[in-house]
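Using this note's numbering, the first residue of the sequence shown is number 17, and each one after it goes up by one. The beta-carbon is built from N, C-alpha and C at its ideal position, and this holds for glycine as well. On a predicted model such as this, the values are computed, not experimentally measured, just so you know. Everything below concerns the one structure shown next.
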Amino acid sequence: MDHGTLLAFAAHWGTETKLTQRDLPRLTPAEQALYDDLREYRLHKNLRLEQECIGFEWLKAALAAFA
């Protein structure tokens, strides 16, 4: 997930109860930066966003950017 998507759906943020702090070596630099923000609680403590809350139109627009 990218930073813009996470912020755009802030109204749907919830609380993560099963925290993961492990390294994820295959992330892009931008994904790693966001993951670090989440692990370090820079945006919100125990932040969780269910992917089901991200609308299909948002997804289509994001995928179109790669075309």
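Give the range of the alpha helix (DSSP H) segment to which H19 is assigned. H19 to A24
Can you tell me which of E73, D18, R55 and F25 puts its alpha carbon nearest to the alpha carbon of T44? D18
Excluding the 5 residues flanking L50 on each side, which residues of the same chain have their C-beta closer than 8 Å to its C-beta? M17, D18, H19 and L22
Please classify L35 as buried or exposed, where buried requires at least 16 neighbouring CB atoms within 10 angstroms. exposed
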